[in-house]
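Number of protein chains: 2
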Amino acid sequence: MQTPTELAAAYRSQGRKLTPQRQLLFQLMHGNDKHPTAEALFAEASAQMPGISLRTVYQTLNELAEMGELQFIDIGGGATRFDPNLDDHHHVVCVDCGQIRDVHVNGTAALKPVGIEDFTINEVGVVFQGVCSTCEKSRAKSPKTAQAKSPAQQAKVSK
Amino acid sequence: MQTPTELAAAYRSQGRKLTPQRQLLFQLMHGNDKHPTAEALFAEASAQMPGISLRTVYQTLNELAEMGELQFIDIGGGATRFDPNLDDHHHVVCVDCGQIRDVHVNGTAALKPVGIEDFTINEVGVVFQGVCSTCEKSRAKSPKTAQAKSPAQQAKVSK
DNA sequence: AACCTAATTAGCAAGTCGTGCGAATAAGAA
DNA sequence: TTCTTATTCGCACGACTTGCTAATTAGGTT
Ligand SMILES: [Mn+2]
Ligand SMILES: [Mn+2]
Ligand SMILES: [Zn+2]
Ligand SMILES: [Zn+2]
Chain Y
377 MQTPTELAAA YRSQGRKLTP QRQLLFQLMH GNDKHPTAEA LFAEASAQMP
427 GISLRTVYQT LNELAEMGEL QFIDIGGGAT RFDPNLDDHH HVVCVDCGQI
477 RDVHVNGTAA LKPVGIEDFT INEVGVVFQG VCSTCEKSRA KSPKTAQAKS
527 PAQQAKVSK
Chain D
377 MQTPTELAAA YRSQGRKLTP QRQLLFQLMH GNDKHPTAEA LFAEASAQMP
427 GISLRTVYQT LNELAEMGEL QFIDIGGGAT RFDPNLDDHH HVVCVDCGQI
477 RDVHVNGTAA LKPVGIEDFT INEVGVVFQG VCSTCEKSRA KSPKTAQAKS
527 PAQQAKVSK
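Chains as they are written, first to last, in our numbering: chain Y, 377 to 535; chain D, 377 to 535.
This is the structure:
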């Protein structure tokens with residue numbers, strides 16, 4: 377995603393208006409590597425701008441996605457996560473706390489899909505599933521007790 | 377996923393009952409490589425057993441997942457897809473029609489995630505995005521016209 | 001500085017997907 | 001056949017996201 381300033385220019389050049397809500401969201405998303413949900417972003421935004429609506433957050437995120445400024449990440453778990461990082465990168469998910477971390481992956485070019493000659497491939501996504509060090513420690517302390525997870529950070533893991 | 381007969385045994389040995397609903401779902405899922413949604417499976421089941429409830433379909437699918445007989449696949453697009461194929465494999469998604477196809481991938485062992493030394497990785501998933509030959513042809517005929525897609529097969533694609 | 005108008009916002013209704021709950025039903029053991 | 005308890009089904013409800021629209025506002029025009 378471009379900087380808030382660059383986005384301002386991009387918006388104007390497209391006949392879009394520069395509202396305080398949008399500017400705030402530009403700031404909050406720029407360089408954001410947390411892969412937040414719309415709700416999470418709404419919470420942050422609300423702190424600085426009480427009254428901003430969740431609807432506007434969704435609207436702006438969709439808008440930015442249409443403009444190619446950010447991507448959606450759907451890895452299960454209910455809510456879509458938003459990612460302003462447009463570099464070629466992939467993700468690791470902690471199955472315990474649900475956090476998503478960027479990860480650069482070497483070797484993706486060498487991946488050879490077999491049996492789909494009839495497809496024209498445009499993109500490849502790699503998702504690692506594991507446990508982060510923090511959760512690993514918690515497990516050591518209370519091996520039996522499942523950690524309390526807020527719905528927002530729960531990861532619905534396959535298999 | 378095991379055969380309906382094997383599942384029957386597994387169920388009984390776990391004190392679970394063998395209902396006609398479950399048996400039908402075992403059949404419909406066994407060897408199913410369509411990665412159906414719960415709704416899609418419900419539709420198929422309803423054809424053979426009018427009156428079966430969507431609730432029961434969800435219940436049975438969750439049950440089978442708990443038993444490790446199938447996996448959930450979440451690649452965006454609204455509904456979770458179910459996969460009875462437990463072999464080590466990956467998926468290709470047609471961004472046009474939303475179909476998901478199994479694909480064996482060579483080279484996954486060589487994938488090197490960089491910068492997540494603090495994670496204990498358990499699993500790696502690879503998803504290819506592209507266009508299937510059928511959709512490719514449709515595009516040739518009507519390049520401008522977007523294909524009509526049923527909600528169930530729509531793929532919500534990131535980026 | 002006041003004005004105009006299209007774009008935007010906020011809020012609530014509604015849609016989709018999935019789960020909690022409880023009464024009625026049925027599997028399977030006795 | 002009887003009994004116990006797992007299961008089914010239907011509906012309410014919850015989480016997430018979008019549709020709709022009246023009120024507001026950005027930003028160009030006079
Ligand atoms: Mn990312
Ligand atoms: Mn599969
Ligand atoms: Zn964690
Ligand atoms: Zn297709």
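For glycine and all other residues, C-beta sits at the position ideal for the given N, C-alpha and C.
The structure presented is a predicted model; accordingly, all values stated were derived computationally and were not measured.
Beta-bridge partners of residue i, as assigned by DSSP
i              : result
K488 (chain D) : Y:N482
D472 (chain Y) : None; D472 (chain Y) has no bridge partner.
E499 (chain D) : Y:Q505
H465 (chain Y) : DSSP output for H465 (chain Y) lists no bridge partner at all.
T413 (chain Y) : Y:R457
Check: residue i C-beta below 7 Å from any heavy atom of ligand 4
i              : result
D472 (chain D) : yes
T379 (chain Y) : no
C508 (chain D) : yes
Under the three-state DSSP convention, the category residue i falls into
i              : result
N438 (chain D) : helix
R515 (chain Y) : helix
R477 (chain D) : strand
Q447 (chain D) : strand
T510 (chain Y) : helix
T432 (chain D) : helix
T381 (chain D) : helix
R457 (chain D) : strand
T521 (chain D) : Note that T521 (chain D) scores a pLDDT of 48, beneath 50, so its modelled location is shaky; the value from the coordinates is reported in the next line. Three-state result, T521 (chain D): coil.
R388 (chain Y) : helix
L394 (chain D) : coil
Residue i beta carbon near ligand 2 (any heavy atom closer than 7 Å)
i              : result
L464 (chain D) : Reading the sequence as shown, one finds Asp at residue 464 (chain D) and not Leu. Answer for D464 (chain D): no, Cβ out of range of ligand 2.
H406 (chain Y) : no
D450 (chain D) : no
Residue i Cβ short of 7 Å to ligand 1 heavy atom set
i              : result
H411 (chain Y) : yes
H480 (chain Y) : no
H467 (chain D) : no
D459 (chain Y) : yes
Near ligand 3: residue i beta-carbon under 7 Å from a heavy atom
i              : result
Q505 (chain Y) : no
T496 (chain D) : no
C511 (chain Y) : yes
Q475 (chain Y) : yes
- Message: Along the stretch 501-517 of chain Y, where does the CB come closer than 7 Å to a CB of chain D? Name the residues.
- Response: Cβ proximity to chain D below 7 Å picks out G501, V502, V503, F504, Q505, G506, V507, C508, S509, E512 from the stretch 501-517 of chain Y.
- Message: Residues of the stretch 487-502 of chain D in Cβ contact with chain Y at a cutoff of 7 Å, in chain order, please.
- Response: Listed in sequence order: L487, K488, P489, V490, G491, I492, D494, F495, T496, I497, N498, E499, V500, G501, V502.
- Task: Determine which residues of the stretch 422-450 of chain Y have a Cβ less than 7 Å from any Cβ of chain D, and write them out in chain order.
- Result: So the list reads Q447, F448, I449, D450, given in the order they occur along the chain.
- Mind checking the stretch 379-394 of chain Y against chain D and listing, in chain order, the residues whose C-beta falls within less than 7 Å of any C-beta there? Under the 7 Å Cβ criterion, the stretch 379-394 of chain Y contributes no residue.
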